[in-house]
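At position 13 of the sequence shown the residue is numbered 458 (this note's numbering), and the sequence of numbers has no breaks. Where is the CB? At the ideal position from N, CA and C, for every residue including glycine. See structure below.
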Amino acid sequence: MPYTIKKPNLLLAFLIPTLLISGCSDDDPVPEEPVPLIRLSTFLTSGTEELQMDVVNDGSAPIITNLNDELGLDFLVFGRRDVDENSAGFYFWQQQLSRAYYKDLNTGITFSVNDVCGFSTENDTPKAIRDVSGNENFVVLPYTRQGDDMALEFAVRIFDREASECRDLFLPEVATSEVENYRIEGDLLGIYYRDQASGSPLLSLIDLSVGSILQTLNLNPDFQAATFKGNDLWIFNGDTSYVVLNTSTGNFIRSGNAPGLPAQGPGMFDSRFLGNQLLVDFIYQQPSLFFSQPAVYDFDTAALVEGGSPFLPALQEQIERATGDRVLFGNYGVDLETGTIAISYIRGNGSSEGGVTLTTFDQNWFELLELPFLPEDIEIQEVQ
């Protein structure tokens, strides 16, 4: 099977000679298609530094950006990194302190706010931030406060970046001890939680642009997970049934069953769709050297159409035959349109060396890119 191994030139302390190894003999089959040009954006924490590493499989050196310096990151006790194909967001909180940083990966435009809406200065009643997140238009800060009867109340502070306005929305029915999770899609916020009185699962859809509840859904008792696909909310139950709600009209537009769909969630989860196909994790039966691999579920055929059987062991063997290294795999990114996969790897010889493996679901080829740091989040930006 054709393959290449590339070790880009690295600057200063990361200088490593360019290395190209070809394991193809004259008898090896010729690939039907050449290895495409692939551009990646990867992210990782190196000690106390957040790094962005932009990589192209053309032999050039990766471009390493210290996001601490570029964004002016100022850390608090709790934090999260939210990465998708278009952006990277960093959010930190501690009691009533909060900080948010956002970078548009397409334009390079950055945004930051220290102390969202002056939350830390409010002393009217005891408050505690539960989380912070956002997107290109909003910063969302769920929190609890002590009400007049000394009971905890749940609320969401919404910072509208374009309008430079702050809005508060209280959800009195939320059982504050069991707030599950939430996700943002454009102007929509979906919060999954338990009703304070009955304990039943609920999901509220909130219009962030005005700070009001559009709809609250009474979920099935065996509700498993929900996710946004644009303005459509896909809701999955434990019995394999699902329904799709169009949030613009408030109408259900699809229902069905998804046998064999790997469990999502629980609760709200981030997703990636291509048409009616969903990128999922195929989980390996344990114990195993491998935890999961990417797979694609097609709701029209109600089956896994890619990655439905383990392929990482075969890829590991291919790499070992070609290089002599028995690599171990980590996180991955997928371009659904082309079926291209980028998987982080580390050498199995006990060293800290590694990088990214490029391949496809059909594994007609693979390529190793040796990198100075092991990526934690991988986004495939372009496949040519």
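Asked                                                                                                                 : Found
Alpha helix (DSSP H) segment containing isoleucine 554, residue limits                                                : Where isoleucine 554 is concerned, there is no enclosing alpha helix (DSSP H), given that its DSSP letter is neither H nor E.
DSSP bridge partner residues for tyrosine 777 (one or two, in chain order)                                            : Ile788
Glutamine 763 - containing alpha helix (DSSP H), residue span                                                         : 757-768
Residue closest to phenylalanine 615, alpha-carbon to alpha-carbon, out of Arg602, Glu625, Lys572                     : Arg602
Per-residue burial, phenylalanine 535 [other beta carbons within 10 Å of its own, 16 or more giving buried]           : buried
Cβ neighbour criterion (16 or more within 10 Å) applied to methionine 498                                             : buried
Limits of the beta strand (DSSP E) - the one that aspartate 822 falls within                                          : 822-828
Nearest to aspartate 684 (by Cα), restricted to the options Gly712, Asn702, Val585, Leu724                            : Asn702
For serine 733, the three-state DSSP class (helix, strand or coil)                                                    : coil
CA-to-CA distance, leucine 521 to serine 543, given in whole angstroms                                                : 8 Å
Cα-Cα separation between phenylalanine 673 and serine 700, rounded to whole angstroms                                 : 15 Å
Beta-bridge pairing of proline 587 - partner residues as DSSP gives them                                              : Val601
Distance between beta carbons of glutamate 625 and glycine 712, contact taken as under 8 Å                            : 4 Å
CA-to-CA distance, proline 758 to glycine 752, given in whole angstroms                                               : 13 Å
Sequence-distant residues of the same chain with beta carbon closer than 8 Å to aspartate 605, five excluded per side : Asn582, Phe583, Cys611, Arg612, Leu653, Ser654
Cα-Cα separation, aspartate 677 to isoleucine 823                                                                     : 26 Å
Spatially closest choice to phenylalanine 523 from Ala533, Arg590, Gln541, by CA coordinates                          : Gln541
Of the residues Arg717, Thr746, Arg792, Pro732, the one placed nearest proline 739, counting alpha carbons only       : Arg717
Assigned exposure category for leucine 482 - 16 Cβ within 10 Å defines buried                                         : exposed
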